[in-house]
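Okay, so here's the structure we're looking at.
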Amino acid sequence: MARLPIIAGNWKMYKTRGEAAELAKTLVSAAGAVSNVEVVLCPTYTSLETVAQAIGGSRIKLGAQNCHFEEQGAFTGEISVPMLKEIGCAYVIIGHSERRQYYAETDENINKKALALYKHGLTPIICVGETLAQRQANKTAEVVTAQLRGCLSGLPADKAAASVIAYEPVWAIGTGVVATKEQAQEAHAIIRALVAEMFSKDVADKIRIQYGGSVKPDNVSELMAEPDIDGALVGGASLKADSFTAIVKF
Ligand code: 13P
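Here our numbering runs 262 ahead of the position in the sequence shown, where the first position is 1.
In structure tokens, the structure reads:
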């Protein structure tokens, strides 16, 4: 079954508003009309509106890097889903390993965020992945399975089918050490089989699974050639127009 590949740039805490506008405009010229891949830009909160304006009228979509699960309330420093929707976000990355590691993000929280996103018609990019110690202890399947069960709990099947999962092994993020295509494919196959078990084969056939962790122009093609790899969540290489464009046009 054909799944539209999805390549997202996670800009993390990089780029001022001016820098974000410049990068987004360059990407619109270079890749704004690409239709065989869905392209998503995830800048910081402060650059969302600027990037929304820059990509307006192109095929590029807007995403945020996090959200709160409540619609409003006394949560200092947080941003809600309706606020992100108002600004034009179609996607929100949730459960990134940096948030799990530095901000004590739990699967239960991520699940609440996924449910909140669906309530408002946005799509989550749900991140899972094992640490190096967990991989070395042969716990990759166990860790990823537990994360995914927690994050997808209670989601209706049609919503699960529309979700994006990002498999991001922690040891490959920002390290230059990319998972081999065999390692990535193996994890993606485990994820798809679990989705089939939790929901149905139909949902598993539809759900898109991105790989993330040191994706670069020179390794994206071989990763994307694997049967269960449907896209990439790109950090460092998404911060420059030429490298991100080369990835999008793999
Ligand atoms: P790098 O591409 O810099 O390894 O980052 C991956 C990532 O964390 C994307 O969310």
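Heads up, the beta-carbon is just placed ideally off N, CA and C, and yes, glycines get one too.
Since this is a predicted model, take the numbers as computed values, not measurements.
The alpha helix (DSSP H) enclosing residue i, as first and last residue numbers
i, result
"A293", "R279 to A293"
"N373", "D369 to K381"
"G412", "T402 to L414"
"Y364", "S359 to Y364"
"V465", "K463 to K468"
"E448", "K443 to M460"
"K323", "Counting along the chain, K323 falls outside any alpha helix (DSSP H), though it belongs to the beta strand (DSSP E) covering K323 to A326."
"Q343", "Gln is not the amino acid found at residue 343; the sequence shown has Val there. V343 to I349 is the span of the alpha helix (DSSP H), which, as asked, contains V343."
Heavy atom of the ligand 13P within 7 Å of residue i beta-carbon
i, result
"H358", "yes"
"A499", "yes"
"E392", "no"
"S476", "yes"
"V296", "no"
"E484", "no"
"R435", "In the sequence as displayed, the identity of residue 435 is Ile instead of Arg. I435 Cβ: within cutoff of the ligand 13P."
"L285", "no"
"E367", "no"
"E333", "no"
"L495", "yes"
"N272", "yes"
CB-CB length for residue i against residue j, believed under 8 Å
i, j, result
"N242", "Q327", "Outside the shown range of the chain (263 to 512) lies residue 242, about which nothing can therefore be said."
"A292", "R321", "The Cβ separation is near 12 Å, so there is no contact."
"I268", "E311", "Actually they do not touch by this definition, with Cβ atoms about 23 Å apart."
"E430", "G475", "5 Å"
"S309", "A282", "4 Å"
Classification of residue i by the beta-carbon crowding that lies within 10 angstroms, buried from 16 upward
i, result
"M275", "exposed"
"S505", "buried"
"N371", "buried"
"Y353", "buried"
"L266", "exposed"
"V439", "exposed"
Extent of the continuous beta strand (DSSP E) run through residue i
i, result
"E300", "E300 to C304"
"V426", "V426 to Y429"
"V510", "No beta strand (DSSP E) holds V510; the alpha helix (DSSP H) holding it covers A503 to V510."
"L310", "Note, L310: premise wrong, no beta strand (DSSP E); alpha helix (DSSP H) at L310 to I317."
"V390", "T385 to V390"
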